[in-house]
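Inspection log for the structure reproduced underneath, given as structure tokens.
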């Protein structure tokens, strides 16, 4: 098969040849129609985020496509089924092997390009908002980088839970997207102190849940923003990973939970359970249109370097998708 490989010297992509994946007895072979970009992909390309042991070294954490073949013990899927899937790696390729429990049906009426934008972003948001953050109706939820793939997914999930999304982003254009998605409050972090705004918006209560992909540079303001008994989940380090001083007394005084979280490194069994919970909560909502992946741009995989450059410059509003076209598989 063909796959996107990385030139170790230039750190750029080229389409090269790889062996077809071999499926296990509980796995399916998916013919990939589309894949989506994630910040983990940018790091892995630069050699800063190696895949977990046993996972494909090919980049790519989510795909949408058609089941081509199934393992002997597979019961959920059959050849021809349209699926989207969460991966530990391998998505930037014509084919990928994945455990049957890591697949979801493509929602009715949805194309592969949209469906490819569901697994990583929505499952990351769901895991951290609900499974770890305990989000409930009426909670204030502070969502940083709210116009990103995870952020746009989080806004929709927060609203579905009856909670109150507070969105931060670095431009008015990105905040307008958040408004269209239903965010109750908007904060331009380049122009406002988000901790002061959160105090004003919540009348001093603070954010019950903080979804934080920024990390170190937001540490003090997030500590100011978190509510009593609040849950503050760090899912990334766009603003760095090292915090010089951690005022534990302030954290203790608020009885706040500071949680570090990644999805990729979780056990397959835990991911399967997460996917089951997420499907129960969300799939009717996708069919009805109350949940929908936000797709910014769609590139051909021949344009992978341009796609990565676009995301590296933080230009994307929602997800960036790459198609794996049939005519390119000949």
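Residue numbers (my numbering): 398 to 727.
Glycine is no exception: its CB is placed at the ideal position from the N, C-alpha and C atoms.
Given the structure is predicted, the values throughout are model-derived calculations rather than measurements.
Margin query: Taking the alpha-carbon of residue 604 as reference, which of 630, 566, 641, 708 has the nearest alpha-carbon?
Written below: Reading the chain shown from its first residue, position 207 is the one you call residue 604. Among 630, 566, 641, 708, the Cα nearest to that of residue 604 belongs to 630.
Check: Count the other CB atoms within 10 Å of the CB of residue 348; is the residue buried (16 or more) or exposed (fewer)?
Finding: Since the first residue of the chain shown is 398 and the last is 727, residue 348 is not available in this structure.
Notebook entry, point to check: Can you give the Cα-Cα distance for residue 727 and residue 545, rounded to whole angstroms?
Noted result: On the chain shown, residue 727 is found 330 positions in, with the first residue counted as 1. On the chain shown, residue 545 is found 148 positions in, with the first residue counted as 1. Its pLDDT being 35, under 50, residue 727 is placed unreliably in this model, and the value from its coordinates should be taken loosely. The straight-line gap from Cα to Cα measures roughly 34 Å.
Next item on the list: Would you mind working out which of 418, 413, 516, 599 sits nearest residue 461, comparing C-alpha positions?
Entry: Walking along the chain shown from the start, residue 461 turns up at place 64. It is 516.
Notebook entry, point to check: Would a C-beta distance cut-off of 9 Å place residue 538 and residue 560 closer than the cut-off?
Noted result: Within the chain shown, the letter at position 141 stands for residue 538. Within the chain shown, the letter at position 163 stands for residue 560. The answer is yes: Cβ separation under 9 Å.
Check: In three-state terms, what does DSSP make of residue 664?
Finding: For this step, residue 664 is matched to residue 267 along the chain shown. Correct three-state label for residue 664: coil.
Notebook entry, point to check: If we count Cβ pairs, one from each stretch, closer than 8 Å, do we get three or more for the segment 433-440 versus the segment 490-501?
Noted result: no
Next item on the list: Throw me the rounded Cβ distance for the residue 550 and residue 522 pair, which I believe falls under 8 Å.
Entry: Looking up residue 550 in the chain shown gives position 153. Looking up residue 522 in the chain shown gives position 125. Indeed, because the Cβ distance is near 4 Å, the residues count as touching under 8 Å.
Next item on the list: Return the bridge partner residues of residue 696 from the DSSP annotation.
Entry: As a working note, residue 696 is residue 299 in the chain shown. In DSSP, residue 696 forms a bridge with 719.
Check: If you drop the 5 nearest sequence neighbours on each side, which residues of the same chain put their C-beta closer than 8 Å to that of residue 703?
Finding: Walking along the chain shown from the start, residue 703 turns up at place 306. Same-chain partners within the cutoff: 696.
Check: Is the CB-CB distance between residue 401 and residue 457 below 9 Å?
Finding: Residue numbering aside, residue 401 sits at position 4 when the chain shown is read from its first letter. Residue numbering aside, residue 457 sits at position 60 when the chain shown is read from its first letter. Closer than 9 Å, so yes.
Item checked: Reduced DSSP secondary structure (H/G/I, E/B, other) of residue 502 -> Numbered from its first residue, the chain shown carries residue 502 at position 105. The answer is strand: DSSP assigns residue 502 an E or B state.
Notebook entry, point to check: By Cβ distance, which residues of its chain are closer than 7 Å to residue 616, with the 5 residues on each side in sequence left out?
Noted result: Reading the chain shown from its first residue, position 219 is the one you call residue 616. 640, listed in sequence order.
Margin query: Using a 10 Å radius around the Cβ and a threshold of 16 neighbouring Cβ atoms, would you call residue 449 buried or exposed?
Written below: Along the chain shown, one-based indexing puts residue 449 at 52. Classification for residue 449: exposed.
Check: Nearest CA to the CA of residue 722: which residue from 412, 431, 563?
Finding: Position 325 of the chain shown, counted from the first residue, corresponds to residue 722. Ranking the options by Cα distance to residue 722, first place goes to 431.
Next item on the list: Would you mind giving the Cβ-Cβ distance between residue 623 and residue 651, rounded to the nearest angstrom? I have them listed as a contact below 8 Å.
Entry: Residue mapping note: residue 623 aligns to position 226 of the chain shown, counting from 1. Residue mapping note: residue 651 aligns to position 254 of the chain shown, counting from 1. Cβ atoms of residue 623 and residue 651 come within 8 Å of each other, at about 6 Å.
Check: With DSSP run on the structure shown, which of helix, strand or coil describes residue 575?
Finding: Position 178 of the chain shown, counting from 1, holds the residue named residue 575. Look at residue 575 here: in three-state DSSP terms it is helix.
Item checked: Coarse secondary structure for residue 629, derived from DSSP in three states -> Along the chain shown, read from residue 1 onward, the residue named residue 629 stands at position 232. The answer is strand: DSSP assigns residue 629 an E or B state.
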